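J.: In mature numbering (1 follows the signal peptide of the UniProt record, and there is no 0), the protein residues as written are -25 to -1, 1 to 143. Below you will find the structure I want to go over with you.
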């Protein structure tokens, strides 16, 4: 007789479980936070210090205007000039060589778009504001890189501190 009672108990127990599962799931779902949007899907300006954003816009305007005096004022000298290869070494240049060196850097390929090459000048022109991309971060708390241009936070200011120049 036990098997008959067990079989008759299975149906109500199964029905109770089937009704309870959706209720439990809906109650848990109401308390769970909504999933965050995928961070890697799009670039964001969050994470970019406002002082860096302001400095970038001034730097960009000076590049587009060809204002070497303004660009020099936004640069820490001696400026580090590194090659694109790890064993290229680093040179340090003063203001006397700055304009010519920066013109070379801006004229070289940024290396960021193999399908459609763009110069560093094109990159500066297209980058109206800095955006943090989780797949390839633009900035940390004290350093930022845009193509071949590296900016560092020095006190409360951001300055151009290093450029990468293709090895010739």
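Positions of the beta carbon are idealized from the N, C-alpha and C atoms, including for glycine. All figures in this text were calculated on a predicted structure; none of them were measured in a lab.
With DSSP as the reference, label residue 90 as helix, strand or coil.
T.: By one-based count along the chain shown, residue 90 stands at place 115. It is coil, neither helix nor strand.
J.: Taking residue 102 and residue 121 to be in contact with their CB atoms under 8 Å, please state how far apart those CB atoms are, rounded to whole angstroms.
T.: The sequence position of residue 102 within the chain shown is 127, counting from 1. The sequence position of residue 121 within the chain shown is 146, counting from 1. About 6 Å separates the two Cβ atoms, so the contact holds.
J.: Using the rule of at least 16 other Cβ atoms within 10 Å of the residue's Cβ for burial, across every protein chain shown, is residue 75 buried or exposed?
T.: To locate residue 75, count along the chain shown from 1; it is residue 100. Label assigned to residue 75: exposed.
J.: Just list the residues that DSSP pairs residue 82 with in beta bridges.
T.: Locating residue 82 in the chain shown gives position 107, where the first residue counts as 1. Answer by DSSP bridge pairing: none, since residue 82 is not bridged.
J.: Counting beta carbon pairs with one atom in the region 34 to 43 and one in the region 70 to 85, are three or more of them shorter than 8 Å?
T.: Contact between the region 70 to 85 and the region 34 to 43 is present, because at least three Cβ pairs lie under 8 Å.
J.: Does the Cβ of residue 39 have 16 or more other Cβ atoms within 10 Å, making it buried, or fewer, making it exposed?
T.: Numbered from 1 along the chain shown, position 64 holds the residue referred to as residue 39. So residue 39 ends up on the exposed side.
J.: With distances taken from CA atoms, which of 32, 37 and 49 is nearest residue 129?
T.: Within the chain shown, numbered from 1, the residue matching residue 129 stands at position 154. For the residues 32, 37 and 49, the minimum Cα distance to residue 129 belongs to 49.
J.: In three-state terms, what does DSSP make of residue 29?
T.: For this step, residue 29 is matched to residue 54 along the chain shown. Reduced to three states, the DSSP call for residue 29 is helix.
J.: Throw me the rounded Cβ distance for the residue 105 and residue 114 pair, which I believe falls under 8 Å.
T.: Along the chain shown, read from residue 1 onward, the residue named residue 105 stands at position 130. Along the chain shown, read from residue 1 onward, the residue named residue 114 stands at position 139. Indeed, because the Cβ distance is near 7 Å, the residues count as touching under 8 Å.
J.: CB-CB under 7 Å to residue 70, same chain, minus the five flanking residues each way: which ones, in chain order?
T.: For the purposes of this step, residue 70 is taken as the residue at position 95 of the chain shown. Excluding residues within five positions, the ones whose Cβ falls inside 7 Å are 47 and 52.
J.: Could you give the DSSP three-state label for residue 75: helix, strand or coil?
T.: Taking the chain shown and counting its residues from 1, the one referred to as residue 75 is at position 100. Looking at residue 75 - three-state DSSP - the assignment turns out to be helix.
J.: Use the C-beta contact count for residue 119: other C-beta atoms within 10 angstroms, 16 or more gives buried, fewer gives exposed.
T.: Translated into positions along the chain shown, residue 119 becomes position 144. Per the 10 Å Cβ criterion, buried.
J.: Measuring only the C-alpha atoms, how far is residue 8 from residue 107?
T.: The sequence position of residue 8 within the chain shown is 33, counting from 1. The sequence position of residue 107 within the chain shown is 132, counting from 1. Confidence at residue 8 is low in this model, with a pLDDT of 47, below 50, so the placement of that residue is unreliable and no value is reported for it.
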